[in-house]
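Below is one structure, written out as structure tokens, with a few remarks after it.
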Amino acid sequence: MADESKPVYLRLREIIAASILDGEFSDGDLLPSVRAFAATQGANPLTVAKAYQSFQDDGLVVVKRGVGMFVADGATRRLREAERERFLDRVWPPVAAQIKRLGIRLDDLDLAKA
Numbered sequence: 018m019a020d021e022s023k024p025v026y027l028r029l030r031e032i033i034a035a036s037i038l039d040g041e042f043s044d045g046d047l048l049p050s051v052r053a054f055a056a057t058q059g060a061n062p063l064t065v066a067k068a069y070q071s072f073q074d075d076g077l078v079v080v081k082r083g084v085g086m087f088v089a090d091g092a093t094r095r096l097r098e099a100e101r102e103r104f105l106d107r108v109w110p111p112v113a114a115q116i117k118r119l120g121i122r123l124d125d126l127d128l129a130k131a
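Numbering (our numbering), first residue to last: 18 to 131.
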């Protein structure tokens, strides 16, 4: 879910993270170039570079000079763990409260569609 109040580089980072978690890119895979990703997202290449740099700072991507950026070994697992923790700490509590407030039961939720 895109949060329009977030800076663009963070929204781009979420798109990249989702692509990794969804299996579009695996550990060791080459990521799209800054220019290519900027073109597909309609973003400024400098903004994309900032998003990629944040992944590099976190050790989730590695740069091979003259070749490109690659998903680091173990990045998928680390990213999944971080996103799971963020979901359980920040996203789930208000969702759980709303579910309780509305009287939604587990069998009301079609988890097979998720």
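Every residue, glycine too, gets a C-beta built ideally from N, C-alpha and C.
Measure the C-alpha to C-alpha separation of residue i and residue j and round it to an integer number of angstroms.
i	j	result
V88	R82	14 Å
G76	N61	23 Å
I33	Q73	12 Å
A114	G120	10 Å
E21	Q58	15 Å
R95	L29	18 Å
V80	Y26	19 Å
R106	A55	The amino acid at residue 106 is misidentified as Arg; the sequence shows Asp. For D106 and A55, the distance between alpha carbons rounds to 31 Å.
K117	P111	10 Å
A92	D44	6 Å
Leaving out five residues on either side along the sequence, give the residues of the same chain with a beta carbon under 7 Å from the beta carbon of residue i.
i	result
V51	P62, V65, A66, Y69
Run through DSSP, which three-state label would residue i get?
i	result
L123	helix
K67	helix
V108	helix
L128	helix
M18	Confidence is the limiting factor: at M18 the pLDDT is only 49, short of 50, which leaves the residue's position unreliable, though a coordinate-based value still follows. Three-state DSSP puts M18 in coil, outside helix and strand.
For my contact list, residue i and residue j are in at a C-beta cut-off of 8 Å; report their separation, rounded to the angstrom.
i	j	result
V78	L48	6 Å
I'd like the list of long-range same chain contacts for residue i, defined as Cβ closer than 8 Å, with 5 residues on each side in sequence excluded.
i	result
E100	A34, L38
Excluding the 5 residues flanking residue i on each side, which residues of the same chain have their C-beta closer than 6 Å to its C-beta?
i	result
S36	F42
As an exercise, report each continuous alpha helix (DSSP H) stretch of at least 4 residues that is fully enclosed by the stretch 20–58, in chain order. 25–38, 51–58
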